[in-house]
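*Asks:*
Number of protein chains: 2
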Amino acid sequence: MYKIGIDLGGTNIVVGVVDGENNIIGKAERKTNLPRPAENIFADMYAAALDALDQAGMSLKDIEYVGLGTPGAVEPESGVITYSANLFFHNVPAKQMLEELFGKMAFVGNDANCAAFGEYIAGAGKYARDMIAVTLGTGVGGGIILNKQLLTGFNGAAGEIGHMVIHVDGEQCNCGRKGCWETYASATALNRMTKELAEKTNDPILKKVIEAEGEINAKVPYQAAREGSKACAELCETYAKYIATGVLNLINMLQPEVICIGGGVSHEGEALLNPILEYVKKESYTRDNAEDLQTSIKLAELGNDAGIIGAALLYKNG
Amino acid sequence: MYKIGIDLGGTNIVVGVVDGENNIIGKAERKTNLPRPAENIFADMYAAALDALDQAGMSLKDIEYVGLGTPGAVEPESGVITYSANLFFHNVPAKQMLEELFGKMAFVGNDANCAAFGEYIAGAGKYARDMIAVTLGTGVGGGIILNKQLLTGFNGAAGEIGHMVIHVDGEQCNCGRKGCWETYASATALNRMTKELAEKTNDPILKKVIEAEGEINAKVPYQAAREGSKACAELCETYAKYIATGVLNLINMLQPEVICIGGGVSHEGEALLNPILEYVKKESYTRDNAEDLQTSIKLAELGNDAGIIGAALLYKNG
Numbered sequence: 150m151y152k153i154g155i156d157l158g159g160t161n162i163v164v165g166v167v168d169g170e171n172n173i174i175g176k177a178e179r180k181t182n183l184p185r186p187a188e189n190i191f192a193d194m195y196a197a198a199l200d201a202l203d204q205a206g207m208s209l210k211d212i213e214y215v216g217l218g219t220p221g222a223v224e225p226e227s228g229v230i231t232y233s234a235n236l237f238f239h240n241v242p243a244k245q246m247l248e249e250l251f252g253k254m255a256f257v258g259n260d261a262n263c264a265a266f267g268e269y270i271a272g273a274g275k276y277a278r279d280m281i282a283v284t285l286g287t288g289v290g291g292g293i294i295l296n297k298q299l300l301t302g303f304n305g306a307a308g309e310i311g312h313m314v315i316h317v318d319g320e321q322c323n324c325g326r327k328g329c330w331e332t333y334a335s336a337t338a339l340n341r342m343t344k345e346l347a348e349k350t351n352d353p354i355l356k357k358v359i360e361a362e363g364e365i366n367a368k369v370p371y372q373a374a375r376e377g378s379k380a381c382a383e384l385c386e387t388y389a390k391y392i393a394t395g396v397l398n399l400i401n402m403l404q405p406e407v408i409c410i411g412g413g414v415s416h417e418g419e420a421l422l423n424p425i426l427e428y429v430k431k432e433s434y435t436r437d438n439a440e441d442l443q444t445s446i447k448l449a450e451l452g453n454d455a456g457i458i459g460a461a462l463l464y465k466n467g
Numbered sequence: 150m151y152k153i154g155i156d157l158g159g160t161n162i163v164v165g166v167v168d169g170e171n172n173i174i175g176k177a178e179r180k181t182n183l184p185r186p187a188e189n190i191f192a193d194m195y196a197a198a199l200d201a202l203d204q205a206g207m208s209l210k211d212i213e214y215v216g217l218g219t220p221g222a223v224e225p226e227s228g229v230i231t232y233s234a235n236l237f238f239h240n241v242p243a244k245q246m247l248e249e250l251f252g253k254m255a256f257v258g259n260d261a262n263c264a265a266f267g268e269y270i271a272g273a274g275k276y277a278r279d280m281i282a283v284t285l286g287t288g289v290g291g292g293i294i295l296n297k298q299l300l301t302g303f304n305g306a307a308g309e310i311g312h313m314v315i316h317v318d319g320e321q322c323n324c325g326r327k328g329c330w331e332t333y334a335s336a337t338a339l340n341r342m343t344k345e346l347a348e349k350t351n352d353p354i355l356k357k358v359i360e361a362e363g364e365i366n367a368k369v370p371y372q373a374a375r376e377g378s379k380a381c382a383e384l385c386e387t388y389a390k391y392i393a394t395g396v397l398n399l400i401n402m403l404q405p406e407v408i409c410i411g412g413g414v415s416h417e418g419e420a421l422l423n424p425i426l427e428y429v430k431k432e433s434y435t436r437d438n439a440e441d442l443q444t445s446i447k448l449a450e451l452g453n454d455a456g457i458i459g460a461a462l463l464y465k466n467g
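Line by line, the protein sequences give chains A and B. The first sequence stops at residue 467 when you use our numbering, and every number in between is there. The second sequence stops at residue 467 when you use our numbering, and every number in between is there.
1) Alpha carbon to alpha carbon, what distance is there between A:Met313 and B:Leu90?
2) Express the C-alpha separation of B:Ser378 and B:Gly459 in angstroms, rounding to a whole number.
3) Using a Cβ-Cβ cut-off of 7 Å (strictly less than) and excluding sequence neighbours within five positions of A:Ala261, which residues of its own chain qualify?
4) With a threshold of 16 other CB atoms inside 10 Å of the CB of A:Tyr276, please say whether the residue is buried or exposed.
5) What in chain A is Cβ-close to B:Cys324, meaning under 7 Å?
6) So with Cβ pairs under 8 Å, would you call B:Thr160 a contact of chain A?
7) What residues in its chain sit with their C-beta under 6 Å from that of B:Pro370, if we drop five residues either side in the sequence?
8) I want to verify the contact list: residues of chain B whose CB lies under 8 Å from the CB of A:Val429, in sequence order.
9) Can you check DSSP and say which residues form a bridge with A:Met280?
10) Is the region 212–219 of chain B touching the region 153–165 of chain B in the sense that three or more CB pairs, one from each, lie closer than 8 Å?
11) Just reading off the beta strand (DSSP E) that B:Leu448 is part of, what are its end residues?
12) Whole angstroms is fine: what's the gap from A:Val229's alpha carbon to B:Ile315's?
13) Quick one: list the residues of chain B neighbouring A:Met313, beta-carbon separation under 7 Å, in chain order.
14) Going by Cα to Cα distance, which pick from A:Glu364, A:Met150 and A:Leu339 is closest to A:Lys210?
15) Distance, Cα to Cα, A:Asp318 vs B:Tyr428?
16) Taking only three categories from DSSP, how would you classify B:Thr219?
17) Going by the beta-carbon positions, is the gap between A:Leu448 and A:Ser415 smaller than 8 Å?
18) Strictly below 8 Å CB to CB, what residues from chain A border B:Tyr115?
19) Within its chain, find whatever has a CB closer than 6 Å to the CB of B:Leu295; leave out the 5 residues flanking it on each side and keep chain order.
20) Is it buried or exposed for A:Leu131, if we count other Cβ within 10 angstroms and need 16 for buried?
21) Under a CB-based cut-off of 8 Å, is B:Leu302 close to chain A?
22) Do B:Lys244 and B:Ser233 have their C-beta atoms within less than 8 Å of each other?
23) Would you say B:Gly175 and B:Val166 are within 8 Å of each other, going by their C-beta atoms?
24) Residues of chain A with a CB under 9 Å from the CB of B:Gln298: which are they?
25) Please tell me whether B:Arg341 has its Cβ less than 8 Å away from any Cβ of chain A.
26) Return no unless some Cβ of chain B is closer than 8 Å to the Cβ of A:Gly308.
27) Identify, in the order they occur along the chain, each residue of the same chain with its Cβ nearer than 6 Å to the Cβ of A:Ala306, setting aside the five sequence neighbours on each side.
28) Ignore the nearest five residues each way along the sequence and tell me which others in A:Leu403's own chain have a CB closer than 8 Å to its CB.
29) List the DSSP bridge partners of B:Ile162.
30) Checking contacts by CB at 8 Å: is A:Leu442 closer than that to chain D?
31) For my contact list, B:Leu236 and B:Tyr195 are in at a C-beta cut-off of 8 Å; report their separation, rounded to the angstrom.
32) When DSSP labels each residue in this structure, what does B:Lys275 get in the three-state scheme?
33) Check the Cβ of B:Asn438 against every Cβ in chain A and list those closer than 7 Å, keeping chain order.
34) If I follow the unbroken beta strand (DSSP E) through A:Phe256, where does it start and stop?
35) Does the distance from the CB of B:Pro405 to the CB of B:Thr444 come in under 8 Å?
36) Measure the CB-CB distance between B:Tyr434 and A:Cys322 and report whether it falls below 8 Å.
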């Protein structure tokens with residue numbers, strides 16, 4: 150059984166053909182070219198899908214379902230994109246449009262939720278009952294799978310884990326609140342803290358790494374710490390504390406079997422993960438439980454493919 | 150169809166007979182008398198159940214199921230109380246013990262989760278798909294119902310919403326973390342803040358109210374605010390902000406249809422609720438949604454009976 154999975158982003162539309170073992174066997178892209186009417190964007194999804202099918206040596210008749218992951222909030226039953234600030238969409242009947250274009254049953258979900266669902270079914274959450282995906286990028290995104298079901302909330306807007314406040318009256322967030330997790334745990338936050346440190350200390354190792362990288366990015370403080378900068382080692386420790394604070398909040402409230410951490414910063418691997426594990430071991434409400442009754446914290450495995458796979462598997466949700 | 154619901158607390162064992170319309174039609178109590186062996190406590194549950202049945206004019210043959218709400222973590226499948234600090238329990242096979250005592254099928258859950266489930270089925274959450282109960286008492290407790298199911302987590306320990314940090318490096322919590330919601334939003338926290346204010350300001354209205362009450366309790370700052378104390382009005386506003394911070398975190402992450410607020414402080418009614426609603430209206434991630442696509446925030450309706458009703462209805466979960 151084959152499915153089409155579509156990852157609609159602000160910059161690119163990526164479409165994949167997904168097989169019964171959750172592998173992407175054909176892939177094609179188009180530019181999103183915002184702003185333009187939804188109809189035109191959907192026509193490009195269809196065109197890219199035909200390319201992806203061609204690449205896989207297939208045609209539409211081999212396809213059972215179509216799934217779309219989109220920025221914004223999706224009304225779960227109707228598959229209407231009620232609102233997307235990024236796409237300038239307002240009440241776009243995405244499910245209906247896809248079903249008419251493809252002549253197949255279609256499913257629509259939020260893009261971060263789709264990526265989490267893909268990671269759950271085919272990546273770090275394989276065989277687990279529940280998983281929360283945490284994506285550390287420009288913001289902090291994610292998705293929550295409980296009892297094998299992707300949580301969408303009664304209004305399709307659940308999963309905004311980056312907008313939980315961990316520091317009341319803290320850093321201003323774009324969402325209007327102060328002290329959201331994403332203002333402390335995103336790559337953007339790490340870059341801000343690295344920049345502040347560079348300005349404050351004139352740390353020579355940090356300075357050298359910034360020059361070598363040509364910019365301040367998430368790799369910089371980790372690289373400088375590896376080269377011996379104590380100030381950067383401390384910064385990475387503080388950053389781990391901020392990530393762990395949100396991770397621990399999720400554990401204490403939801404007790405998922407797995408939490409997986411992805412996004413650009415997660416390329417630091419164990420240098421990122423290990424200090425988080427230390428905090429969780431020390432502070433989790435269930436730290437005295439047997440090991441197999443404690444949440445496992447892992448790195449995400451699928452990267453950008455998770456969104457396509459999760460969209461293609463949306464039919465399995467509910 | 151009648152059920153037995155048991156609310157096991159550190160001080161009292163309260164047992165109720167619950168009818169098909171979720172009314173308690175007979176009730177009896179015993180002292181918990183800690184510490185003593187689990188067998189003896191369970192024998193008192195059984196004795197109290199027979200009293201409650203007698204009061205309802207019934208006998209055990211009228212009963213279909215038995216449900217128990219207990220402090221601590223419960224392994225969902227086996228109904229073993231893996232650990233309860235309050236009861237000094239370690240791996241007590243509660244489900245099995247109840248089934249042997251009563252000769253009926255038995256279900257076991259965490260007490261805060263049972264209270265949430267009762268409130269969901271028969272109180273503030275009636276007819277909703279999802280509800281989160283927030284209980285503001287000595288601590289901040291609660292329970293999470295999503296897609297009509299009580300969330301227990303893969304290890305039976307989910308729902309510790311009071312132990313989400315809202316202020317990184319903030320007030321020390323008993324759980325070992327710093328800045329947990331319950332250190333800012335519990336009745337205990339309100340009392341602490343009221344005491345600090347009394348010491349700092351010598352506010353004459355506050356002083357008078359404390360004298361009239363004979364102690365500092367959760368009613369004091371609200372009463373003093375009603376009598377014209379500006380400092381207390383500000384304190385109540387700050388307290389509302391702390392409650393709203395956690396409520397907003399729950400909304401942004403989980404988007405439940407209903408959040409209900411109970412516990413001692415909730416007796417202040419709209420004086421407590423209205424400023425929380427203002428914060429939510431201003432800061433929720435879904436504040437631009439149509440009203441019917443936003444979480445409703447309500448006061449809890451059932452008080453202490455929620456725990457008995459929820460325990461009696463545990464058989465409905467899953």
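Where a beta carbon is used, it is the ideal one built from N, C-alpha and C, also for glycine. Keep in mind it's a predicted model, so treat the numbers as computed, not measured.
*Replies:* In terms of the structure at hand:
1) Since the first residue of chain B shown is 150 and the last is 467, residue 90 of chain B is not available in this structure.
2) 40 Å
3) Thr284, Gly290, Gly291, Gly292 and Gly308
4) exposed
5) Tyr434
6) no
7) Thr343, Cys381, Leu384 and Cys385
8) By Cβ distance, chain B contributes nothing, its closest Cβ being about 11 Å from A:Val429, past 8 Å.
9) A:Ile294 and A:Val407
10) yes
11) Ser445 to Leu448
12) 34 Å
13) Asn398, Asn401 and Met402
14) A:Met150
15) 13 Å
16) strand
17) yes
18) Since the displayed chain B opens at 150 and closes at 467, residue 115 of chain B lies outside it and no answer follows.
19) Asp279
20) As displayed, chain A neither begins before 150 nor continues past 467, which places residue 131 of chain A out of reach and without an answer.
21) Per the sequence shown, residue 302 of chain B should be read as Gly rather than Leu. It does: the Cβ of B:Gly302 has a partner Cβ on chain A nearer than 8 Å.
22) no
23) yes
24) Leu295 and Asn296
25) no
26) yes
27) Ala222
28) Asp279, Ile281, Ile293 and Leu295
29) B:Leu157 and B:Arg179
30) The structure shown contains no chain D; its protein chains are A and B.
31) Contact doesn't hold; Cβ gap of about 17 Å is too wide.
32) coil
33) Asn304
34) Met254 to Asn259
35) yes
36) no
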